[in-house]
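Numbering (the numbering used here), first residue to last: 45 to 704.
Backbone N, C-alpha and C define an ideal beta-carbon position, used for all residues, glycine too.
Rendered as structure tokens:
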């Protein structure tokens, strides 16, 4: 087979398409597919991808653009906004993790001080690309554990610069490396300052000029040119090309064009990450790894636990809640791209022996293969640890506290999960003076709720003893607000054993979970996707001029067909029986907007009583005002609580929205 660059690219693309398609069909991470492409087609596999100049060029190109993209993700403003976490927690994590792992490498593998420092630093890194992508998909970047993870990743990215300089300086000549290190670090600092000065002077004008052409092609070409030019300069002053690309990405990331460039290169992000893992997979020696597998797996488990524990303890030391700290530790427990780059560079420079390098490479790669799954289920892992762990509390003490808080409650609602939905539900129940007790696993969230005087306690609802302590025997309903369908099924199954008639409302994010939750015994299941669709359609109909009253009628009919037990609350107006409308009453909330007819009018002038519905109270600025005391004109943002039959509620809403 002729081994030209064209053939090389064609082979890589063909293998990647086949492997990625197969792994996605099996529900596995594409990262594993890319790694297998490198392993199977690389020198230790079939040898289709040889270690020659063409392959090395393609590999280096992938690393350059990957680090350029990671540099774009770096945000100086985010660093300054969270400088205590970044410069405090992040720096401590890198130093402590690096010292522990470097010390272990020095003691176990007999490494010199220089290589041990590089190995420790490499193992201290986490995967910016994998973690940020997964957290964004799960909408957890702004969550407490997400903010901790982002802060630590920012510092890790910065810490890579001196480590890359150290690798380049040592270059296989450990005896002379330390003497050259101060000069090398000084040169790297001068290079960064030079990039910053030149960037401030002409980078923005150039990007402004390119942006004014409104040509996406020219903008993309300019971004690629900047990345390659910075890599070329870095290489010609004796540093890895990837270091220059990373610095260029950091500088462009501080301009107003950052998001445009990120958008332009976003189609290539996963491709570049895939190319990076293919090149890493090529360097794996299957014979060496296979012979050391029984050593690699225990060390990998120890590495994940140790690194996660370090982050957890440090985050708690910086005032974070145990739940957020634990989840951040789980999210950051894997190795990262920068770590792999450092290890492969030390192997190519003969700083590490082949056997030690292969051992590190295999363990780090396995941790990154597991990373998407670990990040995806970080909440479930944290809940399991919190519930099973006895270091924080004893189970009987939890149940006693729940029982003490629930003492005297009757005909109440038990809420499993006091997150965003649980808090909103609590507020509505509080307005209607319906007693409730909530169970949650986040100690900080529970502490804040208790400070507000709310009956929110620490406890896991999957434990029958906790539910019994929450007076489930005397409850009027059980509401499961957590999105984890597996936990919801477990709770429903346990409750149904002793309470076959208790109304149970659960929520789910996936349609495939709807039937299983119903089968487990849920009275009704709230399907988030369906309700989002209904809200979207409602807004669209209102925008095109369909009256509010008619839209409400349509939505009520759709909901009634999907949620039959809720016909009293969500009636099908076309088939509502007369006796039902006369005897059953409901509560409904109306939030006034500027365009509504009722805005600017007094309640007395509206004559709501003619619709058959009554106004219980108005909520303005977070304060409930009885309707009898409401003598001012209605304003946008006022919340009106209506009570009446379904038909009277529709008439009242039509009056408030449209005047009749």
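Can you check which of these residues, 374, 138 and 115, is closest to residue 705 by C-alpha distance? No answer is possible for residue 705: it lies beyond the span of the chain, which begins at 45 and ends at 704.
Check this for me: beta carbons of residue 478 and residue 514, under 8 Å apart or not? Reading the chain shown from its first residue, position 434 is the one you call residue 478. Reading the chain shown from its first residue, position 470 is the one you call residue 514. Against a cut-off of 8 Å, the Cβ pair of residue 514 and residue 478 comes out as no contact.
Can you tell me whether DSSP reads residue 688 as helix, strand or coil? Reading the chain shown from its first residue, position 644 is the one you call residue 688. If DSSP states are grouped into helix, strand and coil, residue 688 belongs with the strands.
Extent of the continuous beta strand (DSSP E) run through residue 567: Start at 1 with the first residue of the chain shown, and residue 567 comes out as number 523. In this chain, residue 567 is not harboured by any beta strand (DSSP E), its DSSP state being neither H nor E.
Can you give the beta carbon distance from residue 696 to residue 657, rounded, assuming they're within the 8 Å contact cut? Within the chain shown, numbered from 1, the residue matching residue 696 stands at position 652. Within the chain shown, numbered from 1, the residue matching residue 657 stands at position 613. About 4 Å; that satisfies the 8 Å criterion.
Could you have a look at residue 70 and say whether DSSP puts it in helix, strand or coil? For the purposes of this step, residue 70 is taken as the residue at position 26 of the chain shown. In the structure shown, residue 70 sits in coil (DSSP, three-state: anything other than H, G, I, E or B).
Here's a check: name, in chain order, each residue in its chain whose Cβ is nearer than 6 Å to the Cβ of residue 203, leaving out the five neighbours to either side. In the chain shown, the residue the question calls residue 203 occupies position 159. These residues qualify, in order along the chain: 138.
Please state whether the Cβ-Cβ distance between residue 377 and residue 361 is less than 8 Å. By 1-based counting over the chain shown, the position of residue 377 is 333. By 1-based counting over the chain shown, the position of residue 361 is 317. No; because the gap between Cβ atoms is not below 8 Å, this pair is not in contact.
Span of the beta strand (DSSP E) holding residue 484? Position 440 of the chain shown, counted from the start, is the residue given in the question as residue 484. Residue 484 -> beta strand (DSSP E) spans 480-484.
Can you check the stretch 238-299 for any alpha helix (DSSP H) of at least 4 residues that lies completely inside it and give the ranges in chain order? 248-256, 260-280 and 285-296
Can the beta-carbon of residue 358 be found closer than 8 Å to that of residue 133? Looking up residue 358 in the chain shown gives position 314. Looking up residue 133 in the chain shown gives position 89. Yes; because the gap between Cβ atoms is below 8 Å, this pair is in contact.
C-alpha gap between residue 216 and residue 327, whole angstroms: Numbered from its first residue, the chain shown carries residue 216 at position 172. Numbered from its first residue, the chain shown carries residue 327 at position 283. In this prediction, residue 216 has a pLDDT of 46, which is less than 50 and means its spatial position is unreliable; what the coordinates show is noted afterwards. A straight-line Cα-Cα distance of about 19 Å links residue 216 and residue 327.
Does the Cβ of residue 346 have 16 or more other Cβ atoms within 10 Å, making it buried, or fewer, making it exposed? As a working mapping, residue 346 is identified with position 302 in the chain shown. Exposed, because fewer than 16 other Cβ atoms sit within 10 Å of the Cβ of residue 346.
Given a cut-off of 8 Å on the beta-carbon distance, is the pair residue 343 and residue 401 in contact? Taking the chain shown and counting its residues from 1, the one referred to as residue 343 is at position 299. Taking the chain shown and counting its residues from 1, the one referred to as residue 401 is at position 357. Contact: no.
With distance defined between alpha-carbon atoms, name the residue in 83, 154 and 682 nearest to residue 635. For this step, residue 635 is matched to residue 591 along the chain shown. When only C-alpha atoms are compared, the closest one is 682.
Between residue 67 and residue 79, what straight-line distance do the alpha-carbon atoms span, to the nearest angstrom? For the purposes of this step, residue 67 is identified with residue 23 of the chain shown, where counting begins at 1. For the purposes of this step, residue 79 is identified with residue 35 of the chain shown, where counting begins at 1. So the alpha carbons of these two residues sit roughly 12 Å apart.
Use the C-beta contact count for residue 701: other C-beta atoms within 10 angstroms, 16 or more gives buried, fewer gives exposed. Locating residue 701 in the chain shown gives position 657, where the first residue counts as 1. It is buried - the Cβ of residue 701 has at least 16 other Cβ atoms within 10 Å.
Could you have a look at residue 550 and say whether DSSP puts it in helix, strand or coil? Numbered from 1 along the chain shown, position 506 holds the residue referred to as residue 550. In the structure shown, residue 550 sits in a strand (DSSP, three-state: E or B).
So, using beta-carbon positions, are residue 336 and residue 403 closer together than 8 Å? For the purposes of this step, residue 336 is taken as residue 292 along the chain shown, with counting starting at 1. For the purposes of this step, residue 403 is taken as residue 359 along the chain shown, with counting starting at 1. Yes, these two residues count as a Cβ contact at 8 Å.
How about residue 232 and residue 205: are their beta carbons less than 8 Å apart? Counting from one through the chain shown, the residue named residue 232 turns up at place 188. Counting from one through the chain shown, the residue named residue 205 turns up at place 161. Cβ distance < 8 Å, so residue 232 and residue 205 count as in contact.
Spatial neighbours of residue 150 within its chain, please: C-beta separation below 6 Å, excluding the five flanking residues on both sides. As a first step, residue 150 must be located in the chain shown, where it is residue number 106. Correct list, in chain order: 160.
Exposed unless 16 or more other CB atoms sit within 10 angstroms - verdict on residue 117: Along the chain shown, read from residue 1 onward, the residue named residue 117 stands at position 73. Per the 10 Å Cβ criterion, buried.
Take every Cβ of the stretch 264-274, pair it with every Cβ of the stretch 313-321, and state whether three or more of those distances are shorter than 8 Å. no
Is it buried or exposed for residue 145, if we count other Cβ within 10 angstroms and need 16 for buried? The sequence position of residue 145 within the chain shown is 101, counting from 1. Buried.
Here's the rule I'm using: 16 or more other beta-carbon atoms within 10 Å means buried, otherwise exposed. How should residue 51 be labelled? Counted from its first residue, the chain shown places residue 51 at position 7. Flag for residue 51 reads exposed.
Helix, strand or coil for residue 388 per DSSP? Indexing the chain shown from 1 puts residue 388 at position 344. It is helical.
Just how far apart, CA to CA, sit residue 260 and residue 181? Working through the chain shown from its first residue, we reach residue 260 at position 216. Working through the chain shown from its first residue, we reach residue 181 at position 137. The alpha-carbon atoms of residue 260 and residue 181 are separated by roughly 26 Å.
Does residue 662 come out as helix, strand or coil in the three-state DSSP assignment? As a working mapping, residue 662 is identified with position 618 in the chain shown. Strand at residue 662.
Could you check what DSSP says for residue 133 in three-state terms: helix, strand or coil? Numbered from its first residue, the chain shown carries residue 133 at position 89. It is helical.
Under a Cβ-count criterion, where at least 16 other Cβ atoms within 10 Å of its own Cβ denotes burial, should residue 101 be classed as buried or exposed? Working through the chain shown from its first residue, we reach residue 101 at position 57. Exposed, by the Cβ-count rule.
Tell me, please, whether the stretch 418-431 touches the stretch 361-376 by the rule of three or more beta-carbon pairs shorter than 8 Å. Verdict: yes, contact present.
In the DSSP assignment, the beta strand (DSSP E) including residue 707 goes from what residue to what residue? The question about residue 707 has no answer, for the chain in this structure spans 45 to 704.
Whole-angstrom distance between residue 476 and residue 685, CA atom to CA atom: The residue labelled residue 685 in the question sits at position 641 within the chain shown. The residue labelled residue 476 in the question sits at position 432 within the chain shown. The straight-line gap from Cα to Cα measures roughly 10 Å.
What's the gap between the Cα of residue 503 and the Cα of residue 633? The residue you call residue 503 lines up with position 459 of the chain shown. The residue you call residue 633 lines up with position 589 of the chain shown. Per the coordinates, the alpha-carbon of residue 503 lies some 32 Å from the alpha-carbon of residue 633.
Excluding five sequence neighbours on each side, which residues of the same chain lie with their C-beta closer than 7 Å to the C-beta of residue 680? One-based indexing of the chain shown puts residue 680 at position 636. Same-chain partners within the cutoff: 636, 637, 638 and 643.
Can the beta-carbon of residue 551 be found less than 8 Å from the beta-carbon of residue 524? The residue you call residue 551 lines up with position 507 of the chain shown. The residue you call residue 524 lines up with position 480 of the chain shown. Yes, the pair counts as a contact, with Cβ atoms nearer than the cut-off.
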